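S.K.: Here it is, the structure, as structure tokens.
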Amino acid sequence: MGIFGKKYFKREGSPGDYTYYYTEAEYKEAKGKEEEKPKHQAKQEEDKPKEKTKEQQIAEVYAYCDKVIKEHPRDLFTHLKGEKVSNAEAMSILRRKFNNDLNKTLNYDSKVIDKKFIISIAEQINDISESVPNGHFYNNDCLKGFNINFDEGAGFANYNTGNNKISFEKDFVESLFQPDDIDNIKNKQEVKETFCHELGHSVQEKFIRTDTDNNTELFKSFGKALGWGDEVGIKYIINENKKAVPIKREKEFKLLTKYAELNPTEAFAEYYSFYNMNFKLINDYIDGKVEDSIFNKTQEFKYRGYKITHQQIKESVKAFSWMRENIFDNDELTKSLQFDEWLKMSI
Ligand SMILES: [Zn+2]
8 MGIFGKKYFK
18 REGSPGDYTY
28 YYTEAEYKEA
38 KGKEEEKPKH
48 QAKQEEDKPK
58 EKTKEQQIAE
68 VYAYCDKVIK
78 EHPRDLFTHL
88 KGEKVSNAEA
98 MSILRRKFNN
108 DLNKTLNYDS
118 KVIDKKFIIS
128 IAEQINDISE
138 SVPNGHFYNN
148 DCLKGFNINF
158 DEGAGFANYN
168 TGNNKISFEK
178 DFVESLFQPD
188 DIDNIKNKQE
198 VKETFCHELG
208 HSVQEKFIRT
218 DTDNNTELFK
228 SFGKALGWGD
238 EVGIKYIINE
248 NKKAVPIKRE
258 KEFKLLTKYA
268 ELNPTEAFAE
278 YYSFYNMNFK
288 LINDYIDGKV
298 EDSIFNKTQE
308 FKYRGYKITH
318 QQIKESVKAF
328 SWMRENIFDN
338 DELTKSLQFD
348 EWLKMSI
């Protein structure tokens, strides 16, 4: 369940022509009426069976997928992994779930060995989708879908500003695979953290809109809070080996991760992800509820293979504050689609 409230109960139709049902009762009532109508026609069709059109066949598959999704509100992923559901069936249902409930496409390499592997990865994405504001995920038009690649790909994982998709690439996907335990993937937490990092890039894109330079000036103040100079915006410095080079900071305290030291864009993704993974802790820091005495304690927070200390969080509190104000408390960025729809309906 998202912290900003759940969406409508059900949505049917296609983009631009959706019908929304806000409660189960409302949905059932509408469906009841629909079912009553075509009784006469059904009788005639029995006498003279017609070949189904492609649209009808697709509609039937979708109806079946929706039925299964509805029957398993809590255990859909476990159910799909089960013996009774074929690979093809499971994948159709999973795609339908992503299209409707998450508002994203899901693509994966056909070389994938077993459905359970993809389902396990998809489950982590679904978990994150339920823990972030709707405007960051469901209603984020700078995030259109996901690719899980077993083929060649660039790097570990990435967010593409051209097609607005997040891809998990071969090296990363392979690292998750465990042949002895196909039901599970390795490092579920790392999948969430990596996914959340890439989600951070798409949220930054929504905030900045690189094609319009919206908010780029404001974004500089995020970099400044982490010690970069006035002029450093969203740029990358790439060397002759096509590798990103860290942009020197004026103030040198230790950022959360080595990766964050590269530039404000990577720092944004790392801080966004860590904030999401430790939401209450970071809010307590911003609100001054974490006592100074704790900084000397040895407790560390695991994140993407790093161990992050209280001291590091404390030194980055300005950047987290910036993020709360501009990213998590920004109505433009977080408001949900259903709220807009609801407004239209109530006018
Ligand atoms: Zn990144």
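The sequence shown runs 8 to 354 under our numbering.
Using N, Cα and C, we set each Cβ at its ideal position, and we do this for glycine too.
Remember, it's a predicted structure, so these values are computed and weren't measured experimentally.
(1) According to DSSP, is L233 helix, strand or coil?
(2) Quick check on R18: does DSSP put it in helix, strand or coil?
(3) Would you check whether ligand 1 has a heavy atom nearer than 7 angstroms to the C-beta of H204?
(4) CA-CA distance, E31 and K38?
(5) Rounded to a whole number of angstroms, what is the C-alpha to C-alpha distance between S280 and E200?
(6) Candidates Q211, L87, L262 and Y29: which alpha carbon is nearest K321's?
(7) List the DSSP bridge partners of I125.
(8) Apart from the five residues just before and just after E33, which ones in its own chain have a Cβ nearer than 8 angstroms to its Cβ?
(9) For Y243, count neighbouring Cβ atoms within 10 angstroms of its own Cβ and tell me buried if that reaches 16, exposed if not.
(10) Is the region 69 to 78 in contact with the region 91 to 103, if contact means three or more CB pairs nearer than 8 angstroms?
(11) Hey, would you say L340 sits closer than 8 angstroms to G207, going by beta carbons?
(12) Please report the distance separating the alpha-carbon of Q112 from that of E298.
(13) What is the rounded straight-line gap between the Cα of S228 and the Cα of L183?
(14) Might you give, ordered along the chain, the residues of its own chain that have their beta carbon closer than 7 angstroms to the beta carbon of I28, omitting 5 neighbours on each side?
(15) Find out if the Cβ-Cβ distance for the pair W235, E259 is shorter than 8 angstroms.
(16) Which same chain residues end up closer than 7 angstroms to A326 when comparing Cβ atoms and leaving out the 5 residues on each side of it in sequence?
(17) Y27 by DSSP, collapsed to three states: which one?
(18) Which of the three DSSP states, helix, strand or coil, is assigned to G419?
(19) Leaving out five residues before and five after F124 in sequence, what residues of the same chain have Cβ atoms less than 7 angstroms from its Cβ?
(20) For H79, verify whether its CB is less than 7 angstroms away from any heavy atom of ligand 1.
(21) Under DSSP, the alpha helix (DSSP H) around E67 begins and ends at which residues?
(22) Please find out if some non-hydrogen atom of ligand 1 comes closer than 7 angstroms to the beta-carbon of H208.
(23) Going by C-alpha distance, which of K195, K151, N283 and K118 is nearest A129?
(24) In angstroms, rounded to a whole number, what distance separates the CA positions of S136 and E176?
(25) So, for E159: in the same chain, excluding its five sequence neighbours on each side, which residues have a beta-carbon less than 7 angstroms away from its beta-carbon?
M.R.: Judging by the given coordinates:
(1) coil
(2) strand
(3) yes
(4) 10 angstroms
(5) 6 angstroms
(6) L262
(7) Looking at the DSSP assignment, I125 forms no beta bridge with any residue, so it has no partner.
(8) F16
(9) exposed
(10) yes
(11) no
(12) Strictly speaking, residue 112 in this sequence is Thr, with Gln absent from that position. So the alpha carbons of these two residues sit roughly 44 angstroms apart.
(13) 37 angstroms
(14) Before going further, note that residue 28 is Tyr rather than Ile in the sequence given. Excluding residues within five positions, the ones whose Cβ falls inside 7 angstroms are Y15, F16, K17, Y34 and A37.
(15) no
(16) F229, A232, L233 and Y278
(17) strand
(18) Here the chain covers residues 8 to 354 and nothing more, so residue 419 does not appear.
(19) F184, I189 and I192
(20) no
(21) K61 to E78
(22) yes
(23) K195
(24) 20 angstroms
(25) K177
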